[in-house]
């Protein structure tokens, strides 16, 4: 539970992390009931997690019909990225917001939350008056690596969408 102040009232966030509960099937879906927004997060160093995104999306939207959803690729601080920016097209096909983040370096970690808050409040100018309560960065992000990520995303977002999913993810 995290409280944020928004004029004219505070915003209360309750976050549920269902990671690793795929084997529980329907029990996981109980967390979705009544959700106002969702973050679908996958690991860019493991292809199988991105392959699971369509299933997670289908499960979520079956229960939560029309909520803001953000797709997030985590661990972008790692050099052994297996899911490249050009391969991440699901969000474009479903008109979802996407962010690269790194939990270990705190890189862009606030962005999915800020996007959700702006969407839910209808206030595109909403900003966080204090930083999210994050653990200190374990891995600093190299400015050159950040620039490379930005360039890759710019190129990927301007590339035409493939007709079919990437062969690596079938």
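Numbering (UniProt numbering), first residue to last: 1 to 170. Note that CB positions come from ideal geometry on N, CA and C, so glycine has one too. The structure displayed is predicted, hence computed values, not measured ones.
DSSP lists no beta-bridge partner residue for residue 139. If you look at residue 69, you'll find it isn't in any alpha helix (DSSP H); it sits in the beta strand (DSSP E) that goes 69-74. The shortest CA-to-CA distance from residue 48 to any of 88, 151 and 69 is the one to 88. For residue 39, the enclosing beta strand (DSSP E) covers residues 38-43. Residue 78 sits in coil when the DSSP states are folded into three classes, being neither helix nor strand. With contacts defined as CB atoms closer than 9 Å, residue 29 and residue 77 fail to qualify as a contacting pair. Here DSSP, grouped into helix, strand and coil, assigns residue 117 to helix.
Distance from the CA of residue 53 to the CA of residue 128, rounded to the nearest whole angstrom, comes to 28 Å.
Under the three-state reduction of DSSP output, residue 57 falls in the helix class. Where residue 32 is concerned, there is no enclosing alpha helix (DSSP H), because DSSP gives it neither an H nor an E.
In the same chain as residue 115, and ignoring 5 residues on each side of it, the C-beta atoms closer than 7 Å to its own belong to 70 and 97, in chain order. If you draw a straight line from the Cα of residue 83 to the Cα of residue 126, it is about 31 Å long. Distances from the alpha-carbon of residue 45 to those of 37, 62, 157 and 72 put 72 closest.
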